[in-house]
Amino acid sequence: MDNVLEIENITKEFPGVKALKGVSFEVKRGEVHALVGENGAGKSTLMKILSGVYTPTTGKIRLDGKEVIFNDPKQAQQLGVSIIHQEFSLIPYLSSVDNIFLGREKKGANRLLDRKKMRKEAEEVLQRLNANIDLNKPVAHLSVANQQFIEIAKAIAIDTKVLIFDEPTASLTGKEIDKLFELIEKLKADGVTIIYISHHLDEILHMCDRMTCLRDGEWVGTREVKDVSKQDIVKMMVGREIVNVFPEKPTGNGKAEILLDVKRLHNKSVADIQFSLKKGEIIGIAGLVGSGRTETVRALIGADPAQEKDVYINGQKVDIKNPTDALSHGIALIPESRKTQGLVLNMTIKNNISLPILKDLSSFLGLINKKKEDGVIEKSIQDLLIKTPSSQQLVKNLSGGNQQKVVLAKWLNTDCKILIFDEPTRGIDIGAKEEIYKLMRNLADKGLSIIMISSELPEILGMSDRVLVMHKGRIKAEINGTETTSEKVMYYATGGGDV
Amino acid sequence: MSQLELNYQRKTVNVKEMFKNPEMLTLIGFFILCVFFSIASEQFLTGNNISNIIRQVSINGILAVGMTFVILTGGIDLSVGSVMAFTGTIMAGMMINMGMPPIVAVLLGILLGAALGYINGLFVAHARIPAIIVTLAMMEVARGAALLYTGGYPLSGLPSSYAFIGRGDLFGIIPMPAVIMVLVFIIAYIILNHLPIGRYIYAIGGNEEAVRLSGVKVKRVKAFVYLVSGVTAAISGLIMTSRLSSGQPMAGEGYELDAIAAVVLGGTSIAGGRGHIFGTILGALLLGVLSNGLNLMGVSPYVQRVLKGAIIVGAIYYSSVRQKD
Ligand SMILES: Nc1ncnc2c1ncn2[C@@H]1O[C@H](COP(=O)(O)OP(=O)(O)OP(=O)(O)O)[C@@H](O)[C@H]1O
Ligand SMILES: [Mg+2]
Numbered sequence: 001m002d003n004v005l006e007i008e009n010i011t012k013e014f015p016g017v018k019a020l021k022g023v024s025f026e027v028k029r030g031e032v033h034a035l036v037g038e039n040g041a042g043k044s045t046l047m048k049i050l051s052g053v054y055t056p057t058t059g060k061i062r063l064d065g066k067e068v069i070f071n072d073p074k075q076a077q078q079l080g081v082s083i084i085h086q087e088f089s090l091i092p093y094l095s096s097v098d099n100i101f102l103g104r105e106k107k108g109a110n111r112l113l114d115r116k117k118m119r120k121e122a123e124e125v126l127q128r129l130n131a132n133i134d135l136n137k138p139v140a141h142l143s144v145a146n147q148q149f150i151e152i153a154k155a156i157a158i159d160t161k162v163l164i165f166d167e168p169t170a171s172l173t174g175k176e177i178d179k180l181f182e183l184i185e186k187l188k189a190d191g192v193t194i195i196y197i198s199h200h201l202d203e204i205l206h207m208c209d210r211m212t213c214l215r216d217g218e219w220v221g222t223r224e225v226k227d228v229s230k231q232d233i234v235k236m237m238v239g240r241e242i243v244n245v246f247p248e249k250p251t252g253n254g255k256a257e258i259l260l261d262v263k264r265l266h267n268k269s270v271a272d273i274q275f276s277l278k279k280g281e282i283i284g285i286a287g288l289v290g291s292g293r294t295e296t297v298r299a300l301i302g303a304d305p306a307q308e309k310d311v312y313i314n315g316q317k318v319d320i321k322n323p324t325d326a327l328s329h330g331i332a333l334i335p336e337s338r339k340t341q342g343l344v345l346n347m348t349i350k351n352n353i354s355l356p357i358l359k360d361l362s363s364f365l366g367l368i369n370k371k372k373e374d375g376v377i378e379k380s381i382q383d384l385l386i387k388t389p390s391s392q393q394l395v396k397n398l399s400g401g402n403q404q405k406v407v408l409a410k411w412l413n414t415d416c417k418i419l420i421f422d423e424p425t426r427g428i429d430i431g432a433k434e435e436i437y438k439l440m441r442n443l444a445d446k447g448l449s450i451i452m453i454s455s456e457l458p459e460i461l462g463m464s465d466r467v468l469v470m471h472k473g474r475i476k477a478e479i480n481g482t483e484t485t486s487e488k489v490m491y492y493a494t495g496g497g498d499v
Numbered sequence: 001m002s003q004l005e006l007n008y009q010r011k012t013v014n015v016k017e018m019f020k021n022p023e024m025l026t027l028i029g030f031f032i033l034c035v036f037f038s039i040a041s042e043q044f045l046t047g048n049n050i051s052n053i054i055r056q057v058s059i060n061g062i063l064a065v066g067m068t069f070v071i072l073t074g075g076i077d078l079s080v081g082s083v084m085a086f087t088g089t090i091m092a093g094m095m096i097n098m099g100m101p102p103i104v105a106v107l108l109g110i111l112l113g114a115a116l117g118y119i120n121g122l123f124v125a126h127a128r129i130p131a132i133i134v135t136l137a138m139m140e141v142a143r144g145a146a147l148l149y150t151g152g153y154p155l156s157g158l159p160s161s162y163a164f165i166g167r168g169d170l171f172g173i174i175p176m177p178a179v180i181m182v183l184v185f186i187i188a189y190i191i192l193n194h195l196p197i198g199r200y201i202y203a204i205g206g207n208e209e210a211v212r213l214s215g216v217k218v219k220r221v222k223a224f225v226y227l228v229s230g231v232t233a234a235i236s237g238l239i240m241t242s243r244l245s246s247g248q249p250m251a252g253e254g255y256e257l258d259a260i261a262a263v264v265l266g267g268t269s270i271a272g273g274r275g276h277i278f279g280t281i282l283g284a285l286l287l288g289v290l291s292n293g294l295n296l297m298g299v300s301p302y303v304q305r306v307l308k309g310a311i312i313v314g315a316i317y318y319s320s321v322r323q324k325d
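Protein chains in written order, with full-length UniProt numbering: chain L, 1 to 499; chain G, 1 to 325.
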């Protein structure tokens, strides 16, 4: 097998950050090549260089043996390198067809858009992907998984030699992931070379031929996947061994008092929701994407309207009309989509983290006490190991995982007693995951109560004292933490137990 | 937060970075214009002319402060020129026709400005009508009300003590409008940089949903910025009536555009979320010097408008090109 891509001594500097420090490796034609590394290791940056989004500070890229310089993504695409970004880049209110052909629309003899032709080609591409998607809808109205398929369709509608996936499974679940893997196999059989970034090491062991690891912008190694174990990869990534990601669950807090009691919750997306949360308890909410997990907690905190809502905290009925009320009753929701709900991307790390606690940070005449603020922020950055040159860095310049940590920091500083985490570890590397799990368990041990929504079964099984499984807007089962198995959860999540 | 402060906090002054900063560009543009006009016209650097510039700049500068608040949240306020005229004529009317003492009339006028701004805010924040539509409607309503109230004629005969605000000098040297502008500016600076609500204003321009989920009462903050804009419009109306010694129903036509121009020239993103009040003042100064200098050189007002438009687009294009990379 020959090399389709040769990366030679690539460095990339941003103001105050050396994101890549002389990285070299080769990608063989037709392989699935995994790229792993901690948050901020430089994976996305390297891939953005390969796909023409950034130009490297120094270094060379050879495609098919010829040195290439990509000035923009279009040029890279024309030469056969496309990327599916970590954060999607579709135009929300354009249809799928228009998105797929954005920038290279087909024109008819009369120089007007040839919609028929584009539609037909789009259909063919989606057929190749085995995807059944309504092409007329604006993509904003498609599910996340289908949006991703459109993203892929966009990339393979042109002849692509190398297709880069940056954490494609971060927003997919079970079946959708399987479908994506099938697709990747198919692309591979068609001769497309694939570079695959993921924090899910099982996926890499399952699917990839070779892997390269980066740490702190440096190349650590390139190996045949069949020669390495999961532990080996972890060690390459974080430089130490991680034996047990999940902290031990406490035994016998079954007698703790009930803190939050949701007697009834009902709106257009969820029905007959009823559950309780004890002091110091972590409950996991499992279910497929679209099963109403996020909708449940959004209705609970008043971010979405609810027709019926009967909620008690410490036995007292509370009326939560909006997120401000929720916060004043000590309930915080750490939302799932960091880009649209969690962060103000154009603000600094500091201003993002202090957003919900500014009132507490201000003293004399309501002025913000900047010294106090800086103290809190520095501590958060250290506690959560946020990788950044300073707290004044704009959040949009952070790596995906570090952005997620900023979202977490933002809420951990509020003195809320009930924390709702919606997909807390999406896009987070294994070392940081371990930290976050430890942190969650510590908070619970201190008497806080946690609701964790997660699409990752191991996380649900490893962390929850109790598991609620949702299906089609209803809670289908409640399983004790010590008795959960992935089979049980999946059974109810896919509608099992229905009469 | 601005790059200026950022550099200051890091205690390093990276010259290349500094030149990427839009405020810096406006400052440089301002100095170049000053040098150019002082060479081109002998009258430019005279005390009389400088005081004239300052008075002219003050009105636009104050309007632009309120406009900065609005634009930072991603909104726009087209009604400021009309609100200025309406509040100005009402203040004049209360003094002339009803014999109210100036201080009472002024306070009531400012209250009226606040109320009109707040109405804008309610429609934008609660009814979720786009700001450009709400404030366009208010622009018509307030102008119409000013014309109705005055019957279309200027109201003159203001008490002579009142003229001090627009024409007088503090300690015999500092023009009063400049004093008021500086006060407005300081208050705005404190609100934007040292109070929680200032942070919310920036954050809402960046990502409103994230701010709402952070437990901030977003609607209140949005209503507040329009209220501020109404207040600054009324203060400008006060200075204007005092300068002209009359309540002019057609005063301030087109001033909303000058205020917006000052804000964007000062480097505030029209999409919201980024910008600085310093920049706004610089933008207002630059525009003021430009029109004064061109007047002195005898350039026709028609040509001036063409030039002004070209400079606005040119400056913003230049700074956006600089900022990329
Ligand atoms: N535009 C930018 N400006 C400044 N710094 C940046 C920029 N883009 C990335 N960085 C920095 O470069 C480093 C590498 O980021 P990159 O996004 O490549 O990480 P990653 O390996 O993809 O991490 P993750 O797993 O979290 O997605 C990080 O420290 C990040 O903060
Ligand atoms: Mg990344």
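Virtual Cβ for every residue (Gly too), placed ideally from N, Cα, C.
Distance between residue j and residue i (C-alpha atoms, nearest Å)
i	j	result
G/Pro130	G/Glu256	17 angstroms
L/Glu105	L/Leu50	24 angstroms
L/Ser449	L/Gly59	50 angstroms
G/Tyr318	G/Ile311	10 angstroms
L/Pro138	L/Leu94	5 angstroms
L/Ala306	L/Lys321	9 angstroms
L/Thr45	L/Leu214	11 angstroms
L/Ile158	L/Thr340	30 angstroms
L/Glu31	L/Val318	57 angstroms
L/Gln316	L/Ile164	53 angstroms
residue 509 of chain L	L/Asn352	No information on residue 509 of chain L is available, as it lies outside the stretch 1 to 499 that chain L covers here.
L/Lys350	G/Val184	28 angstroms
L/Ile451	L/Ser362	30 angstroms
G/Ser2	G/Ser160	The pLDDT assigned to G/Ser2 is 38, lower than 50, so where the model puts this residue is not dependable; a value taken from the coordinates is nonetheless given after this. The straight-line gap from Cα to Cα measures roughly 43 angstroms.
G/Tyr149	G/Ile90	8 angstroms
G/Ile133	L/Arg293	38 angstroms
L/Lys120	L/Phe101	12 angstroms
G/Thr241	G/Gly247	5 angstroms
G/Val264	G/Met297	26 angstroms
G/Ala271	L/Glu6	41 angstroms
L/Glu38	L/Val68	28 angstroms
Proximity test, residue i beta-carbon vs ligand 1 heavy atom, cut-off 7 angstroms
i	result
L/Asn352	no
L/Gly427	yes
L/Ser14	For the record, residue 14 of chain L in the displayed sequence is Phe; it is not Ser. Because some heavy atom of ligand 1 lies under 7 angstroms away, the Cβ of L/Phe14 counts as near it: yes.
L/Lys370	no
L/Gly342	no
L/Lys179	no
L/Ala19	yes
L/Lys154	no
Inter-residue CB distance, residue i and residue j (contact presumed, cutoff 8 angstroms)
i	j	result
L/Leu277	L/Leu259	6 angstroms
L/Val245	L/Leu300	Actually they do not touch by this definition, with Cβ atoms about 28 angstroms apart.
L/Ala286	L/Ile460	5 angstroms
L/Val489	L/Leu443	Not quite, the Cβ-Cβ distance comes to about 24 angstroms (not below 8 angstroms), so this is no contact.
G/Glu23	G/Gly279	4 angstroms
DSSP beta-bridge partners of residue i
i	result
L/Thr45	L/Thr45 is not bridged to any residue.
L/Gly284	L/Met452, L/Val467
L/Leu63	L/Leu5, L/Lys66
L/Ile10	L/Val23
G/Pro159	BP columns for G/Pro159 are empty, so no partner.
beta-carbon residue i near ligand 2 non-hydrogen atom, thresh 7 angstroms
i	result
L/Asp166	yes
L/Ile433	As written in the sequence, residue 433 of chain L is Lys, which differs from the Ile given in the question. Checking the Cβ of L/Lys433 against ligand 2 gives no.
L/Gln86	yes
L/Leu400	Reading the sequence as shown, one finds Gly at residue 400 of chain L and not Leu. Because some heavy atom of ligand 2 lies under 7 angstroms away, the Cβ of L/Gly400 counts as near it: yes.
L/Ser44	yes
Per-residue contacts from residue i into chain C (C-beta, under 7 angstroms)
i	result
L/Met347	Looking at the structure shown, chain C is missing, and the protein chains on hand are L and G.
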